[in-house]
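Please read the structure below before turning to the comments.
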Amino acid sequence: VTEIIFVGSTLMIIDDRMTICGSTNMNDCSLLGICDSELCVVINDLEEEEGRFNGQTVLVGKVCSSWRKKLFERSIRQSKQD
């Protein structure tokens, strides 16, 4: 082995409507593809359901909202175990 390979991941859920998932870092080098080799998937969730933001009923993406809730639940459960 002549070099070390670092593997990272990025997950961003925006307003429970869009998800960005992949190895992309949030900088120009990664996002423009001029320095690093990256892979990223953007999911624009078109299947909507009612959700609550700031005390108001809004339309959110079913999949994105579900992922966020599951990730928060998993994080909270893990922190309680520690």
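Read in order, the letters of the sequence shown correspond to residues 610 to 691 in the working numbering. Ideal placement from N, C-alpha and C gives every residue a C-beta, glycine not left out.
Ranked by Cα distance from Asp654, the options Phe662, Ser674, Thr666 are led by Ser674. DSSP lists Cys630 as the bridge partner or partners of Leu620.
Around the Cβ of Thr666, a 10 Å sphere holds fewer than 16 other Cβ atoms; the residue is exposed. In this structure, Val651 lies away from Ile622, with their beta-carbon atoms at least 7 Å apart. Taking the C-beta atoms as reference points, Gly631 is found nearer than 7 Å to Leu648.
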